[in-house]
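**Q**
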Amino acid sequence: MYNPNSAIERVKNHLAYKLGQAMIEFTNNGGGYIALFKKLYKIKKQHKKEQKIYQQTIQIFPQLKYPSLETCGDYEQALRYKFHLSYMLGEVLIKADKTWHKGSGFKLKNDIKKANKEFKIFKEIFNNFAKLSPNIIKIISKNKQAFLKELPRIQNILKIHQDYQPILDNIFHNFNYFIQNFNLIEEWLLSNDFNEKYKKENHPYPSLLDPKKLNDENEKINYKNIPAELAWEMNLPLPDGYKFVLIGGHGTGEKAFQEMLSRCNVKILEKNIWYDNGLDRYKAFYGNLKIKNNYIACIPILECNFYQYDKYLHMINKHVPAICLVRDPIKIMTSVYNYKILKNKDNLTFSNLNCTDHLFDNYYYAVTKNKTIASKKEIENGINNIKNINKHIRFTYIARTHLKNLKNISHVYYIDVSEISNNKAYETLYRLSKIIGFNMPNDDKLINNLSYTHYLRFIFDIKKPIIYKHYFNNKFIEIYLYGSYNMINKNFYDITNMFNFKNKELHMNNIFISIKKNHLYEILCNGDLLYEIKLNINIFLDKINNMINMFKKESIKDNDILEILSKNYESSRFFKQLIEYEFFDFLNSDKGKNWYSYKEIKT
1 MYNPNSAIER VKNHLAYKLG QAMIEFTNNG GGYIALFKKL YKIKKQHKKE
51 QKIYQQTIQI FPQLKYPSLE TCGDYEQALR YKFHLSYMLG EVLIKADKTW
101 HKGSGFKLKN DIKKANKEFK IFKEIFNNFA KLSPNIIKII SKNKQAFLKE
151 LPRIQNILKI HQDYQPILDN IFHNFNYFIQ NFNLIEEWLL SNDFNEKYKK
201 ENHPYPSLLD PKKLNDENEK INYKNIPAEL AWEMNLPLPD GYKFVLIGGH
251 GTGEKAFQEM LSRCNVKILE KNIWYDNGLD RYKAFYGNLK IKNNYIACIP
301 ILECNFYQYD KYLHMINKHV PAICLVRDPI KIMTSVYNYK ILKNKDNLTF
351 SNLNCTDHLF DNYYYAVTKN KTIASKKEIE NGINNIKNIN KHIRFTYIAR
401 THLKNLKNIS HVYYIDVSEI SNNKAYETLY RLSKIIGFNM PNDDKLINNL
451 SYTHYLRFIF DIKKPIIYKH YFNNKFIEIY LYGSYNMINK NFYDITNMFN
501 FKNKELHMNN IFISIKKNHL YEILCNGDLL YEIKLNINIF LDKINNMINM
551 FKKESIKDND ILEILSKNYE SSRFFKQLIE YEFFDFLNSD KGKNWYSYKE
601 IKT
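Taking full-length UniProt numbering, I'd label the letters of the sequence shown as residues 1 to 603.
1. In whole angstroms, what is the alpha-carbon distance linking Asn546 and Ile539?
2. Do you know how far the Cα of Tyr596 is from the Cα of Asp328?
3. Short of 6 Å in beta carbon distance, which residues of its chain neighbour Asn594, apart from the five on each side in sequence? Order them along the chain.
4. Do the region 240-252 and the region 275-284 touch if we need at least three Cβ pairs shorter than 8 Å?
5. What separation, rounded to the nearest whole angstrom, lies between the Cα atoms of Ala399 and Thr71?
6. Grab me the residues of Lys345's own chain with a C-beta within less than 8 Å of its C-beta, minus the 5 sequence neighbours each way, in chain order.
7. On the CB-based measure, 16 or more other CB atoms within 10 Å of its CB, does Asn317 come out buried or exposed?
8. Whose C-alpha, out of Glu270, Lys543, Tyr309, Leu289, is nearest the C-alpha of Asn277?
9. Can you list, in chain order, the residues of its chain whose CB lies under 6 Å from that of His392, leaving out five sequence neighbours each side?
10. So, using beta-carbon positions, are Asn269 and Ala297 closer together than 7 Å?
11. Out of Leu158, Tyr397, Lys543, point me to the one whose CA is closest to Met508's CA.
12. Closest to His84 by CA distance: which of Tyr426, Lys117, Phe476 is it?
13. Give the C-beta separation of Asn143 and Phe175 to the nearest angstrom, bearing in mind that I take them to be a contact with Cβ-Cβ under 8 Å.
14. With DSSP as the reference, label Tyr598 as helix, strand or coil.
15. With a CB to CB cut of under 8 Å and the five nearest residues on each side skipped, what residues in its chain are close to Leu69?
16. Counting only the same chain and skipping the five closest in sequence on each side, list residues whose C-beta sits under 7 Å from that of Asn5.
17. Have a look at Ile373 and Ile435 and give me their C-alpha separation to the nearest angstrom.
18. What is the rounded straight-line gap between the Cα of Lys290 and the Cα of Asn439?
19. Can you check DSSP and say which residues form a bridge with Ile341?
20. Taking Cβ positions only, does Asn568 come closer than 7 Å to chain C?
21. Would you tell me roughly how many angstroms separate the C-alpha atoms of Phe350 and Asn370, rounded to the nearest one?
22. Report the option in Val336, Leu302, Ile601 whose CA atom is closest to the CA atom of Cys324.
23. Note down the Cα distance separating Phe172 from Ile139, rounded to an integer number of angstroms.
24. Less than 8 Å between C-beta atoms, sequence neighbours within five positions excluded: which residues of the same chain meet that for Glu233?
25. Using 7 Å as the threshold, is the C-beta distance between Tyr480 and Ser514 below it?
26. Rounded to the nearest angstrom, what separates Ile206 and Asn384 at their Cα positions?
27. Classify Pro300 as buried or exposed, calling it buried when 16 or more other Cβ atoms lie within 10 Å of its own Cβ.
28. By the DSSP assignment, the alpha helix (DSSP H) with Phe476 in it spans what residues?
29. Thinking C-beta only, is Ile179 closer than 7 Å to Ala146?
30. For Pro428, report the span of its alpha helix (DSSP H) as first-last.
31. Count the other C-beta atoms from every protein chain shown that fall within 10 angstroms of the C-beta of Thr603, then say buried if there are 16 or more, exposed otherwise.
32. Taking the alpha-carbon of Ala228 as reference, which of Asn422, Asn354, Leu535, Phe285 has the nearest alpha-carbon?
33. Go ahead and pull the three-state DSSP assignment for Lys407.
34. Considering only their Cβ atoms, is the gap separating Ile564 from Ile379 smaller than 7 Å?
35. At the level of alpha carbons, what is the spacing between Leu108 and Ala96?
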């Protein structure tokens, strides 16, 4: 009795294997054809009897049903037995028996010769190519006849690329697709383009299909008819519907910069959505990029602390420029400790009938998880932990690590946060627009004012309005306060100039106020109503201004960080080495000379 949990024993118990063994014994030992046919008949009869007993048994005791072969621990080793001569000869005999009435007996001799020939072919393949792919037997077992049909050409490809393991892995990983689209893939893998762009570069994730053809909708196989998951498995680079790559990180002004770009008809694909793996990020971009759009698309790379990071970046393979946002690392560190998170991102509302205090209790500090900013001791502990930073947990202080994995970046344009601040933003974007080709808005305030949204987004979600309801005469009028001009609905009227923004923080300049057009006439015709609305909203604006002043007063300063670093030599040295590696090119440029706080680090 054989072990039903052993795939090898079960394959050897197949009728094909047992018939083939009898055939081989006859060939080796002789004994006459009548004796052979009797033996084959007895084996077949006994096998049917065993199968009948098994079926009857599991009807009564279903728990005795054998597990599927695939679940057996030795399944992959067992596949080799399906390529033994005994198994292959047995398959020929079973086929002949089933089609004997169609004259298969006349072809039996030739079929046996063919089985012997195929056995020798597969034996040679397994001996020669097992080192190329440990799973080659499993792969070929699912595509046996297709493999034999194209064998000489397949052998040629495998031989040419035998020293380029990544493409061999790709071929065997996607062998079904490789066989089904063999002519197309063969043309690509033997082309000069493939050799120059992938093999010579020893690219770790070579594409199984020609990216040029994939981007051509007139080709039979293109991005539009390949699912994202399959494209990822075949290492197909992302469709080339993007114009540039944006590299940034926490504290580099990337949120304000993204909003500025959006006002230039640039779409940052899936911005600020953090998937925890490369495949999901790839899928999100893939769907957008394979469709023609009327905007300029940009791929953001804002962190590296996710699974499949290396492969994901290698899939961004178009020859495009990169914009890399940078900032003095000390200022980034202060930004980390000053960073606040909103508790509630729903639409905030207040009215002339209630107070607004609850609107200003809507945040906590990211580091401390409460409304108290980090103490010097907590900052010191954090700085002491700098030496434990590695690329897999980093969401800032990173540029070169990204660029090493982006193989086709044409040029890197470093933009320091100072270039998108203090009324310089419009000029900076105008310069970039000439390089990349996006359009600038006519009003420079739509760009320059955005650099001051930093504190506002710690008070309310600047993507959603704060709604003020003014009740009177059994009805109400709604006023909308936005943190972004282009959020104003086209059916609303901008009334920002009606309110007092004098002597307030620059951040307040990015608050825009609007009203429904049908309500505007009503307040303009009622002086008392207009006065009350202006009074209440101006009081509310004063509270926002006071809160910004409070944030500024209690914030961690650059000197606080430098003082702590000066007392921690090892952490300072590690931190400086990290920055010098990641921002080597920038530090050696004229712009790099302006990182004054960073220069104060003593090592």
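Ideal Cβ placement from N, Cα and C applies to all residues, glycine included.
Given the structure is predicted, the values throughout are model-derived calculations rather than measurements.
**A** On the basis of the data shown:
1. A straight-line Cα-Cα distance of about 11 Å links Asn546 and Ile539.
2. About 8 Å.
3. A distance below 6 Å between beta-carbons, with the five flanking residues on each side excluded, links Asn594 to no residue of its chain.
4. Short answer: they don't touch.
5. So the alpha carbons of these two residues sit roughly 45 Å apart.
6. Cβ neighbours of Lys345 beyond the five flanking positions: Asp461, Lys464.
7. Counting Cβ neighbours within 10 Å, Asn317 comes out buried, since at least 16 surround it.
8. By alpha-carbon distance to Asn277, the top candidate from Glu270, Lys543, Tyr309, Leu289 is Tyr309.
9. A caution first: His392 carries a pLDDT of 47, below 50, which makes its placement in the model unreliable, though a value can still be read off. Excluding residues within five positions, the ones whose Cβ falls inside 6 Å are Asn305.
10. It is worth fixing the name first, because residue 269 is Leu in this sequence and not Asn. For Leu269 and Ala297, yes; Cβs fall inside 7 Å.
11. Minimum Cα distance to Met508 is reached at Lys543.
12. Checked all of Tyr426, Lys117, Phe476; the closest Cα to His84 is Lys117.
13. Going by Cβ atoms, the distance from Asn143 to Phe175 rounds to 6 Å, so yes, they are a contact pair.
14. Reduced to three states, the DSSP call for Tyr598 is helix.
15. Sequence-distant Cβ neighbours of Leu69 in its own chain, meaning closer than 8 Å and more than five residues away, are Ala7, Arg10, Val11, Tyr75, Ala78.
16. Excluding residues up to 5 positions away in sequence, Pro67, Cys72 lie with their Cβ nearer than 7 Å to the Cβ of Asn5 in the same chain.
17. Roughly 42 Å separates the two Cα atoms.
18. Each residue's Cα considered, the two are about 23 Å apart.
19. DSSP links Ile341 through a beta bridge to Tyr364.
20. Among the protein chains of the structure shown there is no chain C, as only one such chain exists.
21. In this structure, the CA atom of Phe350 is about 24 Å from the CA atom of Asn370.
22. The residue from Val336, Leu302, Ile601 with its alpha-carbon nearest to that of Cys324 is Leu302.
23. Cα to Cα, the separation comes out at about 7 Å.
24. Only His173, Asn174 meet the Cβ criterion.
25. Taking 7 Å as the Cβ cut-off, Tyr480 and Ser514 qualify as a contacting pair.
26. In the sequence on display, residue 206 carries Pro and not Ile. As the crow flies, the alpha-carbon of Pro206 is around 41 Å from that of Asn384.
27. By the neighbour-count criterion, in which a residue is buried when 16 or more other Cβ atoms sit within 10 angstroms of its Cβ, Pro300 is buried.
28. Segment 475-482 is the beta strand (DSSP E) holding Phe476; no alpha helix (DSSP H) there.
29. Going by C-beta atoms, Ala146 is nearer than 7 Å to Ile179.
30. The amino acid occupying residue 428 in the given sequence is Thr; Pro does not appear at that position. Thr428 -> alpha helix (DSSP H) spans 425-436.
31. So Thr603 ends up on the exposed side.
32. Distance from the Cα of Ala228 is smallest, within the candidate group Asn422, Asn354, Leu535, Phe285, for Phe285.
33. In the three-state reduction of the DSSP assignment, Lys407 falls in the coil class, being assigned neither a helical nor a strand state.
34. Inclusion of Ile379 and Ile564 in the CB contact set at 7 Å is warranted, their separation being smaller than that value.
35. Leu108 and Ala96 have their C-alpha atoms spaced approximately 7 Å apart.
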